[in-house]
Amino acid sequence: MNREQAYMRMLDASANMQWNVAMILEAKATEAEKIRNWMVNHLTSDAFTVQQDLLKETMQVHDQVIEMIEGLNKLGQGMNGVLKAVVGGEGGSSEDGMGGMFSGNFDMGDQ
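Following the working numbering, the numbering of the sequence shown begins with 6 at its first residue and continues without gaps.
Given below as structure tokens:
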């Protein structure tokens, strides 16, 4: 297998992974909407004897959402690494992580 075929396989695998992530996110959005509706109807101050229990329950939900976002961020960084490997990363490597967008080195040409 030559380099071009290897890169094509990497891009194909990345595209398949992105499709699967999109399907997972769609399912998570549906699940989150159901959970939100349930919480709006059931997690009221009347359902808990102590306000601290209500706070504890909502913090657990918040922590789960944060964990999911962190996982998606790591997955996105992994896919970004695959694309950098395919492209070669010749111009995209910078310390700010934004491809040099904020480095201040803009070529404005002759004006």
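Note that beta-carbon positions come from the ideal geometry of N, C-alpha and C, so glycine has one too.
Backbone CA spacing between G86 and E9 [nearest angstrom]: Here residue 86 refers to the residue found at position 81 when the sequence shown is read from its first residue. Here residue 9 refers to the residue found at position 4 when the sequence shown is read from its first residue. Near 17 Å, if we compare the C-alpha coordinates of E9 and G86.
Can you round the beta-carbon distance between V26 and L80 to whole angstroms, since I take them to be within the 8 Å contact cut? By 1-based counting over the sequence shown, the position of residue 26 is 21. By 1-based counting over the sequence shown, the position of residue 80 is 75. Confirmed, about 6 Å.
Using CA coordinates, which residue listed in M6, N7, M15 is at the minimum distance from A90? Along the sequence shown, one-based indexing puts residue 90 at 85. A90 has its Cα closest to that of M15, out of M6, N7, M15.
What residues in its chain sit with their C-beta under 6 Å from that of K12, if we drop five residues either side in the sequence? In the sequence shown, counting from the first residue as 1, residue 12 sits at position 7. First, the residue type needs correcting, since residue 12 is Tyr and not Lys in the sequence shown. These residues qualify, in order along the chain: V91.
Same chain, Cβ closer than 7 Å to Q116, five either side skipped, listed in chain order: Within the sequence shown, the letter at position 111 stands for residue 116. Bear in mind that the predicted position of Q116 carries a pLDDT of just 47, short of 50, making it unreliable; the figure below should be weighed with that in mind. No residues qualify anywhere along the chain.
Range of the contiguous alpha helix (DSSP H) that encloses D118: Residue 118 is absent from the structure shown; the chain starts at 6 and stops at 116.
Are the CB atoms of K33 and M73 within a distance shorter than 8 Å? Within the sequence shown, numbered from 1, the residue matching residue 73 stands at position 68. Within the sequence shown, numbered from 1, the residue matching residue 33 stands at position 28. Yes.
Give a single yes or no on whether I71 has its beta carbon closer than 7 Å to a heavy atom of the ligand NAP. As for the ligand NAP, it is missing from this structure, which has no ligand bound.
Helix, strand or coil for G97 per DSSP? Translated into the one-based positions of the sequence shown, residue 97 becomes position 92. The pLDDT assigned to G97 is 49, lower than 50, so where the model puts this residue is not dependable; a value taken from the coordinates is nonetheless given after this. The answer is coil: DSSP assigns G97 none of H, G, I, E or B.
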